[in-house]
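As structure tokens, the structure follows; a few thoughts come after it.
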Amino acid sequence: EVEGKVKSSKFENGGEGDTRLEMFKKGLEHFGLEYKITYDKKKDRYKFVLTPFANQKASYFISDEVNANAIKLEEDASNFATFIRGYGNYSGEETFEHAGLVMEARSALAEIYGDIHAEPFKDGKVTDQETMDKELQSRLKKSLKQSLSLDFLVLREAYPEADPQPGDIVQIKSTVLGLNDLVRIVEIKTIRDINNVIVKQDVTLGEFNREQRYMKKVNTAANYVSGLNDVNLSNPSKAAENLKSKVASIAKSTLDLMSKTDLIEDKQKKVSSKTVTTSDGTIVHDFVDKSNIKDIKTIGTIGDSVARGSHAKTNFTEMLGKKLKAKTTNLARGGATMATVPIGTDKTENSIYRQAEQIRGDLIIVQGTDDDWLHGYWQGVPIGDSKIDLKTFYGAFCSAINVIKENNPQAKILVMTATRQCPMDGTKIRRKDTDKNKLGLTLEDYVNAQVLACSELDVPVYDAYHTDYFKPYNPAFRKSSMPDGLHPNERGHEVIMYELIKNYYQFYG
1 EVEGKVKSSK FENGGEGDTR LEMFKKGLEH FGLEYKITYD KKKDRYKFVL
51 TPFANQKASY FISDEVNANA IKLEEDASNF ATFIRGYGNY SGEETFEHAG
101 LVMEARSALA EIYGDIHAEP FKDGKVTDQE TMDKELQSRL KKSLKQSLSL
151 DFLVLREAYP EADPQPGDIV QIKSTVLGLN DLVRIVEIKT IRDINNVIVK
201 QDVTLGEFNR EQRYMKKVNT AANYVSGLND VNLSNPSKAA ENLKSKVASI
251 AKSTLDLMSK TDLIEDKQKK VSSKTVTTSD GTIVHDFVDK SNIKDIKTIG
301 TIGDSVARGS HAKTNFTEML GKKLKAKTTN LARGGATMAT VPIGTDKTEN
351 SIYRQAEQIR GDLIIVQGTD DDWLHGYWQG VPIGDSKIDL KTFYGAFCSA
401 INVIKENNPQ AKILVMTATR QCPMDGTKIR RKDTDKNKLG LTLEDYVNAQ
451 VLACSELDVP VYDAYHTDYF KPYNPAFRKS SMPDGLHPNE RGHEVIMYEL
501 IKNYYQFYG
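So the sequence shown is residues 1 to 509, counted in full-length UniProt numbering.
Printed below as a string of structure tokens:
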């Protein structure tokens, strides 16, 4: 018999030689069910009742002063994990290796214990990120199990109603642990003598998470302190002296536990993030919910054709503006150099520095360029070493950051370098980013100069050149995210957006 609503799901070929009991347990886990056994008087037989949550209100209570001995808080870390990967969105004919949705979740406790991997979660019917994230977070939370156990003294003459059953929701009181809660009985182990008389009955109640355990410790200290109310501390008795000693010991333990709790909670607030699988299958972290980037109202971007969004339906500035509900301004132009040098036969200047003079916003994004490296048909612009020489790459970049700060004193600044590139003409490589211009410089030389300058200027930088996310020499990546081997499409821009958010969060909070 099934109680309540149960999701529809096909479940087959999962036995692999298991017993019927093990298969039954797997089925319960798959459908999220529990069971209880009842007796049907009319049919004179026992039956299994499947239910999402087996419970019934008990007519008795449990107290260490009346009917329970040796109440203990136990911890089961046999399945403890701080990291889990989930696979979803694949058909019944496919294996999880073909999953269209792959997400990861990491507990805040990973900062303390490192990555302890849980068994991967695999369910092809899970197709949305929110459902997957909830499932992964739930599994991590449940991996460290803590429960109360006690020896229930069966006092049938004085308390005939005190007959514990699995699923009972019972009030438990413990002066030692500082408990006064409703807890569900999840397991009962009964020992009988040769006359079938119960001589011992171990009861396991519920599961407590780590935070609840710390609160029990705090309550314990409070209970001991409350016992001092009627004691004259200026002339204490021996009992009071012992009590004072217990208070000092437990208070220290409580402070230690509270500091650990604060540490865990603080790390969870600072570290936790939502895992996202982008449209090109890249797994990234979304820090928006943890970051003050949510307060940004206006975004300004400067750069070259990549920042402008050439060959992309939507660029990273537009994506970020939509995500933050912020207004955007994009002054980036194709072919722009960082330095203020003439370009083309008409000797017209097209520089990112001039864009920097005009840009305004709460958040300013400065995208690096490859055009100084390629300037004058590879003649190249010198990198330089002066922070004020606008005719050099280094000088123009430093000056651009400084003029942005002058014009936008309250603005947050994010920098992004050029990516690697492998422009193609059919199957022929037109150039490589490792090629040298006439100054003997590669694109990486300009990128490294920009990254070092960011350290000197104290501004965060997303080094898009040295990341593993952009692989233009791989035909598969080009087809997916950079068709011409030079300009990321909207899939590539989505990855850029999340990396910019991450750098913002790491630097500005």
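For every residue, glycine included, the Cβ atom is placed at its ideal position computed from N, Cα and C. Here the structure is a predicted model, which is why all the values come from computation and not from measurement.
Per-residue burial, residue i [other beta carbons within 10 Å of its own, 16 or more giving buried]
| i | result |
| --- | --- |
| S386 | exposed |
| F287 | buried |
| F48 | exposed |
| P164 | buried |
| H493 | buried |
| N408 | buried |
| A476 | exposed |
| K450 | As written in the sequence, residue 450 is Gln, which differs from the Lys given in the question. Classification of Q450: buried, given that the 10 Å Cβ count is 16 or more. |
| T417 | buried |
| Y505 | buried |
| K217 | Residue placement at K217 is flagged as unreliable, the pLDDT there being 48, under the threshold of 50; the coordinate-derived value follows with that caveat. When all chains shown are included, K217 counts as buried. |
| K327 | exposed |
| Q355 | buried |
| H487 | buried |
| D458 | exposed |
| I383 | buried |
| S91 | exposed |
| I194 | exposed |
| T301 | buried |
| T345 | exposed |
Bounding residues of the beta strand (DSSP E) (the contiguous stretch that carries residue i)
| i | result |
| --- | --- |
| A307 | Run containing A307: none in the beta strand (DSSP E); it sits in the alpha helix (DSSP H), S305 to R308. |
| K47 | R45 to T51 |
| L486 | It is not in any beta strand (DSSP E) - L486 carries neither H nor E in the DSSP assignment. |
| G300 | T298 to I302 |
| F470 | Looking at the DSSP string, F470 is not in any beta strand (DSSP E), and its letter there is neither H nor E. |
| D40 | E34 to D40 |
| D123 | F121 to D123 |
| N330 | K327 to N330 |
Close-in-space but distant-in-sequence residues of the same chain around residue i (CB under 6 Å, 5 per side omitted)
| i | result |
| --- | --- |
| D435 | none |
| L363 | I296, I299 and K412 |
| I191 | V199 and K200 |
| V495 | T278, T282 and Y469 |
| E433 | Residue identity differs from the one stated: residue 433 is Asp in this sequence, not Glu. Cβ within range, chain order: R420, Q421 and L443. |
| Y35 | F48 and L50 |
| L109 | T82 |
| C454 | V415 and V461 |
| F393 | M338, A339, D372, V381, I383 and Y446 |
| H466 | none |
Min CB distance residue i to chain B below 8 Å
| i | result |
| --- | --- |
| L320 | Going by chain labels, chain B is absent from the structure shown, which holds only one protein chain. |
Range of the contiguous alpha helix (DSSP H) that encloses residue i
| i | result |
| --- | --- |
| Q496 | A small fix is needed here, since residue 496 is Ile in this sequence, not Gln. Its alpha helix (DSSP H) spans residues E490 to Y508. |
| F477 | P475 to S481 |
| A110 | A110 to Y113 |
| L443 | L443 to L457 |
| residue 528 | This structure does not reach residue 528, given that the chain is present from 1 up to 509, and the question cannot be answered. |
| F83 | No alpha helix (DSSP H) holds F83; the beta strand (DSSP E) holding it covers F83 to G88. |
| E318 | F316 to L324 |
Proximal residues to residue i (C-beta, below 8 Å), its chain only, five neighbours per side dropped
| i | result |
| --- | --- |
| N489 | H311, A312, K313, S481, M482 and P483 |
| K25 | none |
| Y498 | V276, T278, V284, H285 and D286 |
| N350 | R333, G335, A336, T337 and I343 |
| K294 | V288 and L324 |
| P166 | K36, A54, I185, V186, E187 and I188 |
Close beta carbons around residue i, own chain, < 7 Å, minus the five adjacent residues each side
| i | result |
| --- | --- |
| L390 | A339, T340, Y353, A396 and S399 |
| G88 | A99, L101, D123, G124, V126, T127 and M132 |
| M319 | H493, E494 and M497 |
| T95 | none |
| residue 510 | No statement about residue 510 is possible, as the shown extent of the chain runs from 1 to 509 and does not include it. |
| A81 | I116, H117, A118, L140 and S143 |
| E357 | V403 |
| Q212 | Note that Q212 scores a pLDDT of 45, beneath 50, so its modelled location is shaky; the value from the coordinates is reported in the next line. Cβ within range, chain order: n/a, list empty. |
| K471 | F477 |
| T439 | The amino acid at residue 439 is misidentified as Thr; the sequence shows Leu. Result list for L439: G380 and P382, in chain order. |
Sheet register partners of residue i (DSSP bridge)
| i | result |
| --- | --- |
| M416 | Q367 and Y462 |
| P342 | E349 |
| H285 | T275 |
| S63 | K173 |
| E104 | R85 |
| residue 536 | No answer is possible for residue 536: the residues shown for the chain start at 1 and end at 509. |
| Q201 | T190 |
| V126 | Partner(s): none; V126 has no beta bridge. |
| H311 | Paired residues: none, contrary to the question. |
| H117 | F83 |
| T337 | S351 |
Counting only runs of 4+ residues fully inside the stretch 344 to 410, write out the alpha helix (DSSP H) ranges in chain order. 352 to 358, 371 to 378 and 393 to 407
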